[in-house]
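Beneath this line is the structure, given in structure tokens, with notes to follow.
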């Protein structure tokens, strides 16, 4: 009897060990497979310096790398740089480069590649231009050292080198010099974990593992840290019809799909083989005021708009009634950007105060002239929030001329101050206050208010984090007084992945497929 | 026949010139800008202007039009702004999916439309007639995208019989290519079959009332013999016209089907080119589609002579 009990115990322990081993094996990343990713469409370019298009950002970050990247708290961490030393006066940044990093063409990355690439980036990219406006000299000191001399102290050197959009990708010198900044690169050689194998427009973009990729030794951390290309290939498939993207994840023809309509959420939740992923941050919805010409140059009128709107029902409607997909927040930086998220009280946001709005409207001298509010149906959320805004504002005496155009028309017309008063768009994550485009005089809407610009330039110069945060809070309060744009709520996006897709980082704004592996 | 052919081909040139001018002006006169789309939402007006200059988009419209004429006359359709390749290459790459889809959809449309119309006419007023014409009415009424999405949901997602979307070249894997083509061909072919069925029915009804048909019946021929051997060929001329028009429509008009089923053909190309304001591509697709339209119509006219010996082109 005792012997049989002992045997039973032994058998049970053996079963547990085997089961544990199996479970462990199932959770151990393995190499192999092709991950098929369905996205919205074709990128306008695979040149990271050339465009701010988000699809280009997503794709190029698998091929190229910059000197710096962002960690999980969205702070800069070295990527191709080993590190940096900053002179005591804060005017000289000396970057040491990692050694032995190879380009996809087999050439070693050195300082001459870095100098040529960032010089090009500094002439074309939104972030590069802002940084290089402060640069007095930029040169290689030796094969693995580059030096940046500044005209004045700057707080934005490392963060500008780390932003993933329109980023300072390092190309081989020959490519960086061959293509002038206004002409897009058509030879795609980087140092990233994947290299471009084939691009068949409207069919697929194939990226294959770069076997000579030299990963950092750290663990994966946000967009940066160690990167491993577990999958043999990423196949990006443009699927313009969103319902088809959902169906293809359900059938297993795609392993991952991005940019889905929120109404697919319930259907995906019921699917045993796939899972929905709520992507945040996505955008905060914004009505951008034309402050150069026309009715909205009147600050009182902008304040009346801000006081009038009731944001929660608008957001609820835009999010299809699903609370998972919107958030009520007045901070200009989303919650996920912890360094710049603010918790200020008493801001005139989401007041829906009819009396105040009417008073401001009267003070503004508004005489029911039609306000040209431009939106598009190509992004349904833009149209929805514009339509609901029109209804709310017209209840209070505004006259809104809602002009629905296609996206190409909207982005053309918004550059001409004579053609509109307000337009809709979304503000994605920005990783430093100085990168908030809606607070700049060059972006459509043209924020030229002296007080706002003064704080922006102080933010660019001030290097003490505490003082910078105080300035940002001051800027946020000022924003709600000057109202350069109207901030609505945060909207989230929807993605879907098959259950076989493992270790996908759900916390980054844009998708990344290094460190992702397939369980098959 | 020879001089007729030469005359018809010569008439193609002015048609193409008009089409080229109209499409050039239309696409350039509608608002929107390819550079603003390409450079992304955060691009500044200064950047946009610099790239417009680099692409030559800031030149006067007449200058761009003259340049376009010059290129077209030398067989050069220009360079796509978005795709980084010549337009002719972009068109060539998309010709196969569109032609395969067109042929498959046409086969489905003819296979459903012609027999339905003929049977309905032969059994005029019967349950067959009413049933088949109701189905063909549904084909006209049901929106293409709705039918396509439901096909995907039932046959791909629920039943798992066929792939939901995508395209495989018929030259690389013919079996897979056909599997991918079943749903789009049926969804497109079904809607196109409706018109063919209705025209077939009315033509057959007309022919079935002719004296020689009465004579054939009086001679004791079976209903099948009368319908398919004596009446069918004489009813074909208008039906062939409709099939010709359908073919031409399918070349440039399978837009919805190509988008829903993610087929990288000409229809999808032109829609994305319009949305991106990729002017050279829009001009190229419209020119090629117009040329195909004209040539298909010519082919249909020539077919008449083969079907009906009374028609001659002297």
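Residue numbers (the working numbering), protein chains in the order written: chain A, 962 to 1481; chain B, 363 to 676.
Each residue gets a CB set at the ideal place from its N, CA and C atoms; glycine is no exception.
Note that the coordinates shown come from a computational prediction; the quantities given were computed from them, not determined experimentally.
Beta-carbon separation (whole angstroms), residue i vs residue j, contact threshold 8 Å
i	j	result
residue 1291/A	residue 1448/A	7 Å
residue 658/B	residue 666/B	About 13 Å; that fails the 8 Å criterion.
residue 1088/A	residue 1057/A	Contact flag wrong, Cβ pair sits at about 22 Å.
residue 641/B	residue 485/B	Residue 641/B to residue 485/B, Cβ: 53 Å. No contact.
residue 1228/A	residue 998/A	In fact, because the Cβ distance is near 20 Å, the residues do not count as touching under 8 Å.
residue 638/B	residue 403/B	With a Cβ gap of about 14 Å, residue 638/B and residue 403/B do not count as contacting.
residue 1358/A	residue 1329/A	7 Å
residue 1249/A	residue 1405/A	7 Å
residue 1086/A	residue 1127/A	4 Å
residue 608/B	residue 549/B	Wrong, their Cβ atoms sit about 15 Å apart, outside the cutoff.
Per-residue contacts from residue i into chain A (C-beta, under 8 Å)
i	result
residue 419/B	Ordered by position in chain A, no residue passes the 8 Å Cβ test against residue 419/B, which lies about 11 Å from the chain.
residue 515/B	1208
residue 410/B	1376
residue 630/B	1163 and 1201
Terminal residues of the alpha helix (DSSP H) in which residue i lies
i	result
residue 1266/A	1260-1269
residue 1387/A	It is not in any alpha helix (DSSP H) - residue 1387/A instead sits in the beta strand (DSSP E) that spans 1383-1388.
residue 1494/A	This structure cannot settle anything about residue 1494/A, because the visible part of chain A is limited to 962 through 1481.
residue 1319/A	1315-1325
residue 1097/A	No alpha helix (DSSP H) holds residue 1097/A; the beta strand (DSSP E) holding it covers 1096-1103.
residue 415/B	407-417
residue 458/B	449-484
residue 1393/A	Per DSSP, residue 1393/A belongs to no alpha helix (DSSP H) and is neither H nor E.
Range of the contiguous beta strand (DSSP E) that encloses residue i
i	result
residue 493/B	From DSSP, residue 493/B is part of no beta strand (DSSP E) but of the alpha helix (DSSP H) over 489-503.
residue 1253/A	Careful: residue 1253/A lies outside any beta strand (DSSP E) and carries neither H nor E.
residue 1158/A	1155-1161
residue 1407/A	Residue 1407/A -> no beta strand (DSSP E), and no H or E assigned at all.
residue 1448/A	1446-1459
residue 1472/A	Unbroken run through residue 1472/A: none, as it is neither H nor E.
residue 1030/A	1029-1031
residue 1000/A	995-1000
residue 1141/A	Element bounds for residue 1141/A: n/a, residue is neither H nor E.
residue 1379/A	Careful: residue 1379/A lies outside any beta strand (DSSP E) and carries neither H nor E.
residue 1362/A	1361-1365
residue 1042/A	1042-1047
Cross-chain neighbours of residue i in chain A, by beta carbon under 9 Å
i	result
residue 647/B	None at all; the shortest Cβ gap to chain A is about 13 Å.
residue 518/B	1208, 1209, 1211, 1212 and 1214
residue 712/B	This structure cannot settle anything about residue 712/B, because the visible part of chain B is limited to 363 through 676.
Proximal chain B residues relative to residue i, where beta-carbon distance stays under 8 Å
i	result
residue 1374/A	393
residue 1367/A	394 and 637
residue 1404/A	404 and 406
residue 1002/A	634
residue 1144/A	416
residue 1005/A	399, 400, 401, 402, 444 and 638
Chain-ordered chain B contacts of residue i [CB-CB under 9 Å]
i	result
residue 993/A	Per Cβ cutoff of 9 Å: no residues; residue 993/A is ~22 Å from chain B at best.
residue 1019/A	Those do not exist, as residue 1019/A stays about 12 Å from chain B at its closest Cβ, beyond 9 Å.
Interface residues of chain A facing residue i [CB-CB closer than 7 Å]
i	result
residue 528/B	1214
residue 401/B	1012 and 1013
residue 446/B	1147
residue 621/B	1201 and 1202
residue 413/B	1143
Beta-carbon neighbours of residue i, restricted to chain B and to distances below 7 Å
i	result
residue 1164/A	626
residue 1370/A	393 and 394
With contact counted as at least three CB pairs below 8 Å, one residue from each stretch, are the stretch 1018-1025 of chain A and the stretch 458-473 of chain B in contact? Touching, no.
Could you tell me whether the stretch 1435-1444 of chain A touches the stretch 1456-1463 of chain A, where touching means 3 or more Cβ pairs closer than 8 Å? No, because fewer than three Cβ pairs between the stretch 1435-1444 of chain A and the stretch 1456-1463 of chain A fall closer than 8 Å, the two stretches do not touch.
I want to know whether the stretch 642-649 of chain B touches the stretch 1007-1023 of chain A - three or more CB-CB distances under 8 Å. Not touching, per the Cβ criterion.
Kindly confirm or deny that the stretch 1220-1235 of chain A and the stretch 1318-1331 of chain A touch, where touching means at least three C-beta pairs closer than 8 Å. Between the stretch 1220-1235 of chain A and the stretch 1318-1331 of chain A, the count of C-beta pairs closer than 8 Å stays below three; the two stretches do not touch.
Stretch-stretch touch, CB-based, cutoff 8 Å, three pairs: the stretch 1155-1170 of chain A with the stretch 1132-1140 of chain A: Fewer than three Cβ pairs drawn from the stretch 1155-1170 of chain A and the stretch 1132-1140 of chain A lie within less than 8 Å of each other, which leaves the two stretches out of contact.
Hey, is the stretch 1200-1210 of chain A in contact with the stretch 506-521 of chain B, meaning 3+ C-beta pairs nearer than 8 Å? Between the stretch 1200-1210 of chain A and the stretch 506-521 of chain B there are three or more C-beta pairs closer than 8 Å, enough to call the two in contact.
Inter-stretch contact (C-beta, 8 Å, three-pair minimum) for the stretch 469-484 of chain B and the stretch 1184-1194 of chain A: No, because fewer than three Cβ pairs between the stretch 469-484 of chain B and the stretch 1184-1194 of chain A fall closer than 8 Å, the two stretches do not touch.
Counting Cβ pairs closer than 8 Å, one from the stretch 595-607 of chain B and one from the stretch 564-572 of chain B, do we hit at least three? Short answer: they touch.
Which residues, in chain order, does the stretch 450-466 of chain B contribute to contact with chain A at a C-beta distance below 8 Å? Answer in chain order: 452, 455 and 456.
Flag this pair as touching only if the stretch 1388-1407 of chain A and the stretch 1284-1301 of chain A have three or more C-beta atom pairs under 8 Å; answer yes or no. Contact holds: three or more Cβ-Cβ distances are below 8 Å.
Does the count of Cβ pairs from the stretch 1409-1428 of chain A and the stretch 1301-1316 of chain A closer than 8 Å reach three? Verdict: no, contact absent.
I'd like to know if the stretch 1331-1350 of chain A and the stretch 365-376 of chain B are in contact, where contact means that at least 3 CB-CB pairs between them fall below 8 Å. Remark: fewer than three beta-carbon pairs, one from each stretch, lie closer than 8 Å, so the stretch 1331-1350 of chain A and the stretch 365-376 of chain B are not flagged as touching.
The stretch 1418-1437 of chain A contacting the stretch 1095-1114 of chain A, beta-carbon criterion three pairs below 8 Å: Using a C-beta cut-off of 8 Å, the stretch 1418-1437 of chain A makes contact with the stretch 1095-1114 of chain A, since at least three inter-stretch Cβ pairs fall below that distance.
Any C-beta of chain A within less than 9 Å: which residues of the stretch 521-552 of chain B qualify? Of all residues in the stretch 521-552 of chain B, the ones placed with a Cβ closer than 9 Å to any Cβ belonging to chain A are 522, 525, 526, 527, 528 and 529, in chain order.
Between the stretch 1083-1102 of chain A and chain B, which residues of the former have CB atoms less than 8 Å from a CB of the latter, in chain order? If the cut-off is 8 Å between Cβ atoms, the stretch 1083-1102 of chain A has 1085 and 1087 near chain B.
Give the residues from the stretch 1305-1337 of chain A that approach chain B closer than 7 Å (Cβ to any Cβ), ordered along the chain. Across the stretch 1305-1337 of chain A, no CB contact with chain B closer than 7 Å is found for any residue.
In chain order, what residues of the stretch 1386-1399 of chain A put their CB closer than 7 Å to some CB of chain B? Residues passing the 7 Å Cβ filter: 1386 and 1398.
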